[in-house]
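Report on the structure given below.
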Amino acid sequence: MAYLPFYITPDELSAYQEEQEQQILKGKDLATWHKHDIEEPFRYLYLSIAIAAVSPLFFLTYFLHDSSEMILTYILSGLTIIMSGVSYLTFGLDNRYDYTLSDNGLVIKKRRDLPNWVNSATQVMGWVGAIVCVVMVGIAGPMVLVGAGGFILVSFRMLNRQPDEPTEVRVAETEDWLFAYYNKKRKVIRFYHKYDECSKWSLEKHTIFRAQTRGYSYIFFRTVQDLDAMLETLSNKYDIECIDFPDHKAFFEGRPEPRIEDIPSRSLEFPVADTFDLRAKNAPLPEWRRIYNGKWQTESEIERLKAAGEQQATSVL
């Protein structure tokens, strides 16, 4: 595996990944697709949470409905419609996954599936929702807070929404592919591979976290036939072991994978301002570590533990 240079910034990692993506796009047997999904056993969990969050307003509208006070009914109905949208945008959105695959590697991009126009619309709904909630408290009294108090906080939260949803990008060149599990009920592959990571870590200390590591990414498909075609390609063309994992509930639990414990990884947190100096001075790289006896250990630590264990066994004899 030719990892990227270690001492880089998140912006530089993005530039490197764009170059890698271009090389993958030039590869043979190119395939690109996207899928809206979530990393949960139940496909519609997020949507269910959004419905549950807004349901108190539906009950509030029903119980406070009074034909002699139609203005109250209209306000409650409008509030329910607005906050249903806010609840969906806050809790109910899927993730969007974009995939690029060729014989040069695989690119996985993940972000919340938020349309570009939603941020402005959400801020408007947040203002309207907050104002309506306050007006309702003035008209109907504090009992309105039983159903709508939480949505006042949600409304103000919407006012500070960031303009863009961050995109998580992972690039796995072909030689970095390891093995895969798959579940046909959810039409997904849990794909293990090596990859580079560099992200902002502590905003207060202005540090970044840099790693050359291994792990997994989820690859979702629209149909079982698409999944089967990918499994055949991985198995026959790239000699990747693909293992059936029929329990869809346990599939997304993220349990430790013993098969990657012996694959080393290294990481370091350092100030972003020191990046260029560390690179210019050819600063030493952090030691490789792998999991041994359930803990991350360097090779020297593992050798000491093994020697201590052998010495203890000898003394017992």
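For the sequence shown, the working numbering assigns the number 1251 to the initial residue and increments by one for each residue that follows.
Note that beta-carbon positions come from the ideal geometry of N, C-alpha and C, so glycine has one too.
Nearest to residue i by CA position, among the options, is which residue?
i	options	result
R1516	Y1312, S1452, R1460	R1460
A1533	A1252, Y1257, R1436	Y1257
T1473	L1254, T1259, H1286, E1271	H1286
S1449	Q1475, F1470, R1420	R1420
S1298	S1334, A1530, P1416, T1483	S1334
A1430	E1415, L1453, F1470, K1531	F1470
P1255	T1340, I1552, Y1445	Y1445
A1523	L1535, R1440, S1452	S1452
K1434	D1426, I1381, P1514, F1495	F1495
N1543	E1537, R1529, D1261, G1559	G1559
K1437	W1427, A1479, D1426	A1479
Q1273	V1304, S1305, L1322, L1356	L1356
W1588	V1304, E1503, D1348	Past the boundaries of the shown model lies residue 1588; the chain is included only from 1251 to 1567, so the question cannot be answered.
D1363	V1336, L1322, F1313, P1416	P1416
D1279	L1484, I1325, R1440	L1484
R1440	E1425, I1493, Q1475	I1493
Output yes or no for whether 8 Å exceeds the beta carbon distance between residue i and residue j.
i	j	result
N1354	E1269	no
L1343	Y1294	no
T1330	L1307	yes
Y1442	Y1468	no
T1259	T1463	no
R1540	E1511	yes
E1418	R1361	yes
P1291	H1456	no
A1281	Y1338	no
T1340	S1327	no
Y1488	W1538	no
E1289	F1502	yes
DSSP state of residue i, grouped into three classes?
i	result
L1356	strand
L1535	coil
I1439	strand
K1434	coil
E1482	helix
Y1266	helix
L1364	coil
L1254	coil
D1494	strand
K1278	coil
L1310	helix
E1519	strand
T1525	helix
I1541	strand
Y1488	coil
With which residues is residue i paired in a DSSP beta bridge?
i	result
S1452	T1457
A1422	L1356
D1236	As displayed, the chain neither begins before 1251 nor continues past 1567, which places residue 1236 out of reach and without an answer.
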